[in-house]
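One structure is given below, encoded as structure tokens.
Residue numbers (this note's numbering): 118 to 283.
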């Protein structure tokens, strides 16, 4: 929608009204969708929309430090920076709990964050660079940190244990 309307996910009220009318549904239903999903916004956002996960797994794993890194760079929750570069929001679960804490910036997820890694991401974006999304530690996707922790013998020896199960 952001591409179609040149709004980066911002849905002006007339767009929501048009969609509701087009789909022959009450305006409030279209509005509910627009306010529920984090990819839609009711106001313009900065070039980099920083959404910090604030649910329990991320909080327990350090999202407070991630927010602190944002604050240290001059970002404020619910605001866009004066240069229009960043908008910061705290949102509910973004679905990467195994790699907490995490943020979504535009369409990219950045996971396993620390104050330092979040600072580096923000600095790279401010310079016009594109930081590598995904886990920010030596982990592939959502594999356990440090590598496999169970069934190591089965994997390393390719042993068929089925005959030993009774």
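Glycine included, each C-beta is placed from N, C-alpha and C at the ideal position.
Host beta strand (DSSP E) of residue 153 (start-end): Element bounds for residue 153: not the beta strand (DSSP E) but the alpha helix (DSSP H), 144-153.
List the endpoints of the continuous beta strand (DSSP E) containing residue 205. Counting along the chain, the beta strand (DSSP E) containing residue 205 begins and ends at 203-208.
Mind the definition here: the segment 144-156 touches the segment 182-196 only if three or more C-beta pairs lie below 8 Å; say whether that holds. no
Grouping DSSP H, G and I as helix and E and B as strand, with all else coil, what is residue 351? Residue 351 lies beyond the range of the chain shown here (118 to 283); nothing can be said about it.
Integer Cβ distance of residue 201 from residue 178, believed to fall under 8 Å: Not really, about 31 Å apart at Cβ, beyond 8 Å.
Using a 10 Å radius around the Cβ and a threshold of 16 neighbouring Cβ atoms, would you call residue 227 buried or exposed? buried
Enumerate, from N- to C-terminal direction, the unbroken beta strand (DSSP E) stretches of 3 or more residues contained entirely within the segment 162-242. Unbroken beta strand (DSSP E) stretches of 3 residues or longer found wholly inside the segment 162-242: 165-170, 203-208, 220-222 and 225-228, given in chain order.
Are the beta-carbon atoms belonging to residue 253 and residue 230 less than 8 Å from one another? yes
Residue closest to residue 232, alpha-carbon to alpha-carbon, out of 250, 216, 251 and 186: Checked all of 250, 216, 251 and 186; the closest Cα to residue 232 is 186.
Nearest candidate by alpha-carbon position, reference residue 216, set 242, 235, 247 and 259: 259
Report yes if the C-beta distance between residue 168 and residue 221 is below 8 Å; otherwise report no. Yes, the pair counts as a contact, with Cβ atoms nearer than the cut-off.
Quick check on residue 311: buried or exposed, where buried means 16 or more other Cβ atoms within 10 Å of its Cβ? Residue 311 cannot be examined here, being either before or after the span of the chain that is shown, 118 to 283.
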